[in-house]
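In terms of the working numbering, the sequence shown is residues 980 to 1407. Where a beta carbon is used, it is the ideal one built from N, C-alpha and C, also for glycine.
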Amino acid sequence: MDVFVARQPIFDRNKEIMAYELLYRNSLKNFFDPTVSSTKATSILITNSHINIGMDNLVEDKFAFINFDATLINNDIPTLLSKSRVIIEVLETVEPDRVFLSNLIDLKKKGYTLALDDFTLDYPYQNTLPLYDIIKVDFMLAGVEGAKKIIEKFSNGKRKFLAEKIETIEEFNIAYELGYDYFQGFFFSKPEIITGKSASSINVHFIRLKEEMNKEEVDFNKVTKIIESDVGISYKLLRLVNSFSLVNEVNSIRHALAILGIREIEKWINFIMVSDFISENEDEVVRMSVIRSRFAELIAENSNQPTRKYQASLVGLFSMIDVVLGKSLNRIFREIPMNTDVKDAIMLKPTSPLYYIYDVILSYEKADWDNLDKSCEKLGINPASVPNLYFESVSWANKYVFTYDEISDQANKESMQNYVKEENEEDE
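Right, here's the structure in full:
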């Protein structure tokens, strides 16, 4: 699947590029789709820029301006991004309530650069200006006199001013003489579409969950909040968990975490993630990944490393990630947070304690019986037991894939029904 990001260069007073503004696009047509919400647009933009295309390819060693609305800032999405690469551009339409301002102050304390978009003299929240490092002024909207008054009234020697929508050499010269620090507009360059390939987009919430769950001390409440903030993940997780023969019905994310524990929930989250970012014509890759995951878990349980069964399942699940995304493992593991032992095993490094578990899987698939025997010996497993573990994995995976497809179809159907219902209510 093709993915798209538009970028427009931002120049300093020496006419050298200091940054790019990254803009959401859903095709090669160079315009924004107004039917897409700002929250969704930026979420997709972050996924495409940081995962599918890569920031190095988009902005090289420059900064990236990315638009954020209140929803994204209040959900800590900016903290997923590097403060040395990204400038947080706050939309002028945001109404800064107490919660939003608290989060903005927190970003400021953490060292993020904050920019305010489309500032005008009648901006109603001028008391918030001390929080911003860069003020973007729509030169076309403000006019020369307005642009001049903004500099005169709000310049404090530290704050930078960016003149946007500069379309002629005359406008550039005027903005330059007025003291503007940065310049952006069609005079320099129209937004340029950059494309990339993706099996599908990886939800921002998945990345947040991976980062949180990789911590030594996982915050139960934070994990709950992240999962609950994505209706799709919550729905699929609860349906999946309840489909696997639990005695009591699990009816909330908090309930699921309390009963199963963080690590078991993470396993389900990983299954959902892998399934969701593999396209429909790659169902066999989903099936094989799930088989490998369960196979690795069973091998660990029956080996001299039973406490590593969770990490082993991750090795199996993500063992085909390079095939799925069409990227090198090195690049993928720079983009997706992952335990070091898991990464090293997938990259076939014998130093990983999980290496021999993965080697048993590969040896069995290749019918390399000599190597299988050697790895089984390292793990304290009887090689004769491996076929049964494999067949048990296949049976389990078949149930999972069938159940997940059924749940996904139902989720899509209910999502469409809700959409139609909302549209009808609006019409009324």
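Setting aside the 5 residues that flank it on each side, Pro-1362 is surrounded in the same chain by Leu-1351, Asp-1352 and Cys-1355, each with a C-beta closer than 7 Å to its C-beta; the list follows chain order. A distance below 8 Å between beta-carbons, with the five flanking residues on each side excluded, links Gly-1158 to the following residues of its chain, in chain order: Ile-1130, Ser-1134 and Phe-1140.
The residue among Ile-1067, Ile-1205, Thr-1072 and Gly-1122 with its C-alpha nearest the C-alpha of Asp-1085 is Ile-1067. Rounded to whole angstroms, the separation of the alpha carbons of Val-1197 and Leu-1110 is 31 Å. By the Cβ rule, the region 1012 to 1027 counts as touching the region 1039 to 1053, because three or more pairs are nearer than 8 Å. One thing to note: Ile-1300 has its Cβ no nearer than 9 Å to the Cβ of Ile-1251. The criterion of a C-beta distance shorter than 9 Å is not satisfied by Glu-1143 and Gly-1125. In this structure Lys-1127 does not touch Leu-1095 by the C-beta definition: roughly 18 Å separates them, more than the 8 Å allowed. Per the DSSP secondary-structure output, Ile-996 pairs in a beta bridge with Phe-990. Taking 9 Å as the cut-off, the Cβ atoms of Phe-1118 and Phe-990 do not count as close. In this structure, the straight-line span from the alpha carbon of Leu-1120 to that of Phe-1098 is close to 10 Å. DSSP places Phe-1044 within a strand segment (E or B) once states are collapsed to three. Residues Pro-1075 of the same chain have their beta carbon placed closer than 6 Å to that of Thr-1107, with the five preceding and five following residues left out of the count. Taking Tyr-1337 as the centre and dropping the five residues before and after it, the same chain places the C-beta of Val-1294 and Ala-1324 closer than 6 Å to its C-beta, in chain order. DSSP, reduced to helix, strand and coil, places Val-1123 within a helical segment of the structure shown. When Thr-1026, Glu-1280 and Lys-1306 are compared, the shortest CA-CA separation from Val-1365 is found for Glu-1280.
DSSP places Thr-1072 outside both helix and strand once states are collapsed to three, so it counts as coil.
The beta carbons of Asp-1112 and Asn-1082 sit no closer together than 9 Å. Each residue's CA atom was taken as its position, placing Tyr-1334 and Glu-1191 some 25 Å apart. For the pair Asp-1320 and Pro-1329, the CB atoms are not nearer than the 9 Å cut-off. Around the beta carbon of Glu-1146, fewer than 16 other beta carbons lie within 10 angstroms, which makes this residue exposed. Nearest C-alpha to Gly-1136 among Asp-1160, Asp-1035, Asn-1152 and Pro-1057: Asp-1160. Per DSSP, the unbroken alpha helix (DSSP H) holding Thr-1050 starts and ends at 1049 to 1053.
Annotation for Lys-1322: no beta strand (DSSP E) segment contains it, though the alpha helix (DSSP H) segment containing it runs 1319 to 1325.
In the three-state reduction of the DSSP assignment, Ile-1205 falls in the helix class. Distances from the alpha-carbon of Ser-1063 to those of Asp-1040, Thr-1072, Val-1069 and Asn-1053 put Asp-1040 closest. Nearest to Glu-1207 by alpha-carbon distance, out of Ala-1235, Asp-1349 and Pro-988, is Ala-1235. In terms of CA proximity to Asn-1152, Arg-992 leads the group Tyr-1003, Arg-992 and Arg-1271. In the DSSP annotation of this structure, the continuous segment of the alpha helix (DSSP H) that includes Glu-1149 starts and ends at 1148 to 1157. Your pair Arg-1310 and Ser-1372 does not check out as a contact, with CB atoms roughly 29 Å apart and the cut at 8 Å.
The distance from the Cβ of Ile-1278 to that of Ile-1205 is about 31 Å, inconsistent with a contact at the 8 Å cut-off. Shown here for Gln-1290: same chain residues with a beta carbon closer than 7 Å to its own, the five before and five after excluded, namely Asn-1318, Asp-1320, Val-1321 and Leu-1333 in chain order.
Asn-1200 is classed as exposed because its beta carbon has fewer than 16 other beta carbons within 10 Å across all chains shown.
Where Thr-1092 is concerned, the enclosing beta strand (DSSP E) starts and stops at 1092 to 1098. Separation of the CB atoms of Glu-1000 and Arg-986 is rounded to 7 Å, and the pair is thereby assigned contact status at 8 Å. C-alpha of Leu-1051 to C-alpha of Glu-1228: approximately 32 Å in a straight line.
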